[in-house]
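Each residue of the sequence shown is one higher than the one before, starting from -11 at the first, in our numbering.
Glycine included, each C-beta is placed from N, C-alpha and C at the ideal position.
Structure record follows, encoded as structure tokens.
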Amino acid sequence: MELERLDKFYALHSKFYDLTRPFFLLSRKRALSLLKFNKNDKVLDLACGTGLNVRYLLKKVPPENITGIDYSESMLAIAKKKYPKVKFINGDASTFSLGQKFDKIICTYSLSMIEEWEKTIANAKKHLKKNGVFLVLDFNKWQGLIKPLHPLFRKWLLLHGVNPDKDCFFEMKKHFRKVEKHVWNFSYNVVLIASVN
């Protein structure tokens, strides 16, 4: 989705985002449980929105070790109210430059909405420390029992600026030495965990 359209979309959706998204943006807590955190880890929540991941991250690291970045000021305003001790920054996921590196970068249900998603993956890698890990949780092409419903769901996603056809696994393999793939919830979503080393 183009940045201007994305900003307008989330200016509207920010008002009810936290109420509606838990019903179809599944498995955030489960995905984050796949990562081994050290209390001193610096964590970047890429395209953080209203900060839905932060409540899980706070169980792993202190608030001053978490940075969230998002393009939508409307979404960030909500995140800042919810988590005043966490650093939130307005920026483009594909071009941001923070002048620091992170132990963990997470990106949940966002790459499928970002127009410059390949650049976003490359930019995330630039911001990882030597032994850093990049976790992506996003929509997947449906398989098995729910496969017949995928074309309908895909149309609904595309209508809302989400492109579930992006092959993030293939793109991440270009940039990272190792990429683990987990497909969950009858193939509803995919988790990718990429390691720098």
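The C-alpha of Lys117 lies about 26 Å from the C-alpha of Ser15. In this structure Leu34 touches Cys95 by the C-beta definition: roughly 4 Å separates them, less than 8 Å. The residues His163, in chain order, have a CB closer than 6 Å to that of Lys113 in the same chain once the five nearest residues on each side in sequence are set aside. In this structure Val124 touches Leu99 by the C-beta definition: roughly 6 Å separates them, less than 8 Å.
In the three-state reduction of the DSSP assignment, Trp172 falls in the strand class, which pools E and B. In this structure, the beta-carbon distance from Lys70 to Val31 does not fall below 9 Å.
Boundaries of the alpha helix (DSSP H) around Val42: Val42 to Leu45. For Ala81, the secondary structure class from DSSP, reduced to helix, strand or coil, is coil. For Arg18 and Glu(-8), the gap between their C-alpha atoms comes out near 32 Å.
Nearest neighbour of Lys24 by Cα position, chosen from Asp80, Asn119, Glu52 and Cys36, turns out to be Asn119. A buried status is given to Ser60, since no fewer than 16 other beta-carbon atoms sit within 10 Å of its beta-carbon.
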